Amino acid sequence: MSTSVNDPRITQAIDTAMKAMLSKVGTRGGDWVWRAVYPSFVGQAWCGAFQVWGYRAAGVDLMKACWWFYVPYIETFARRIGAWTSEPGYGRQAIFDWGGDAIADHVGASNPDPNASTYRSVEGNTSPGSSGSQGNGNGVWTRYRARGVIRGWVDMRVVLAWMIDQGKWVPGTTAASVQKVASTATGKAQTGTDGQAMLDVDGVLGSATISRWQQVMGTPIDGVISKPSAMVKAFQTWLNSAVTDSQVKVLTGAARLDVDGVLGPKSWKVFQFWVANVRPAWIQQSGGPAKLTAANFGQWVDGVAGVKTIKTLQHCLNASYASSGKLLAK
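Positions 23 to 352 (this note's numbering) are the ones given, in order, by the sequence shown.
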C-alpha cells in the first residue's frame with residue numbers, strides 16, 4: 023500500500039465522518055438516511071447506510087469500496103485488504119454478532135471511552151437501551167457493548183488508504199460532488215470476496231447475473247443459460263454436496279439431483295432450501311420470511327425462480343469467489 027494510513031487527509035476524513043454521525047445521536051427513524059444515499063431502499067435495515075452517509079459528509083463514498091449496506095460484505099472486504107483488526111480505535115467500524123452464529127449482524131463506528139470497560143460506538147438503526155432491538159431499533163444512539171458481541175473492527179485508515187491507491191477516493195472531493203454521483207456509485211462497487219463487479223440485487227436473471235454465476239461456477243462465460251448448460255451442471259453438482267441426500271429426497275423425491283444441465287423446479291427447490299438455512303437474513307431482505315418454518319415452507323421453497331429467489335441468488339454471488347464451483351466459499 024503506497025498511501026500511509028497516517029496521511030493527514032485520511033485522519034481528517036475519519037474525523038469529519040465521526041462528527042457527522044455523532045451529530046445525529048438521538049435521531050429516530052432511518053428513512054432520511056436512505057433518501058440521502060439510496061432512495062429506493064427506504065424501509066430497509068440501515069446500520070451500514072448510516073456509515074455510508076457519515077463518510078459522504080467527508081467526501082468519501084464507501085460504496086466504491088464494497089456494498090457497505092450489507093454488514094457481512096464489510097467484514098469480508100476488510101479481511102481481504104488487511105483492514106480487519108481485533109483492536110478498537112477512534113473511527114474504526116465495530117462489527118457485531120448478536121446470535122453467536124459467526125455471521126456479522128450490525129455495524130457501528132468506534133468511539134473509545136477510556137473510562138469504560140466496555141466498547142463505545144455510534145450506531146444507526148439501534149435502540150437506546152438493551153430492551154429494544156439492537157440491530158433494527160430505528161434510531162441513532164451511542165452504545166456501550168461487551169467484547170463478546172464484537173467480531174472485530176475495520177480499520178478505516180486502511181480502507182481509505184486502499185481507496186486512494188485504487189483510485190476510488192480523491193482526497194479533497196466535496197460532499198456535494200459525492201452526492202451527485204451517488205446514483206452510479208453502486209455500479210462501481212466491488213465484491214468483498216474476490217474484487218469483482220458487484221451485482222445489483224434487483225431480482226432480474228439477466229446477462230450480468232448469469233455471467234457472474236458462470237464465473238463463480240468456473241464455466242465458460244457468455245451470459246446465457248443454454249440447455250444443457252455447463253454452469254447448471256456445476257451448480258447441480260455443488261447442490262448435491264451442499265444438501266444431504268435425505269433432504270434432497272424430501273424436496274425432490276430422489277436422493278440426488280440429476281446433473282443434466284437443465285435448470286428446473288427441483289434445482290431451484292434445493293437452492294431455496296439451502297439458502298434459507300445458511301443465510302436467512304437474505305431471504306428476509308429479498309421479501310421472504312425471516313425464518314423458514316413449517317407454516318411458510320411451501321411459500322418459499324416452491325421451485326419457482328421468482329424475483330425473491332433471484333435476489334437471494336444475487337446476494338450469494340456477491341459473496342462468492344470466481345472459479346470456486348460453489349457459493350459462499352472458496
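For every residue, glycine included, the Cβ atom is placed at its ideal position computed from N, Cα and C. Being a predicted model, the structure only gives us computed values, none of them experimental.
- Only residues of its own chain outside the window of five on either side were considered, and among them Pro-193 have a CB closer than 6 Å to the CB of Arg-31, listed in chain order.
- In chain order, Pro-110, Gly-111, Tyr-112, Gly-113, Arg-114, Gln-115, Ala-116, Tyr-141, Arg-142, Ser-143 and Trp-175 place their CB closer than 8 Å to the CB of Ser-132, counting only its own chain and leaving out the 5 sequence neighbours on each side.
- The Cβ atoms of Leu-314 and Trp-322 lie closer than 9 Å to each other.
- The residues Met-220 and Asn-340, in chain order, have a CB closer than 6 Å to that of Thr-213 in the same chain once the five nearest residues on each side in sequence are set aside.
- In terms of Cβ geometry, Gln-336 and Thr-231 form a close pair [threshold 9 Å].
- Residue burial is scored here from C-beta neighbours: Met-253 has at least 16 other C-beta atoms within 10 angstroms and is therefore classed as buried.
- Of the candidates Pro-61, Thr-98, Val-93 and Thr-334, Thr-334 places its Cα closest to the Cα of Val-226.
- Within the stretch 66-120, the runs of beta strand (DSSP E) at least 3 residues long that lie entirely inside it are, in chain order, 115-118.
- In this structure Asn-147 is not in contact with Trp-56, their Cβ atoms being roughly 11 Å apart against a cut-off of 8 Å.
- Within the same chain, Arg-142 come within 6 Å of Asp-135 by CB-CB distance, once the 5 residues on both sides are set aside.
- If only complete runs of 3 or more residues are kept, the stretch 240-290 shows no beta strand (DSSP E) anywhere.
- For Ala-131, the three-state secondary structure derived from DSSP is strand.
- Taken atom to atom, the span from the alpha-carbon of Thr-164 to that of Gly-130 is near 9 Å.
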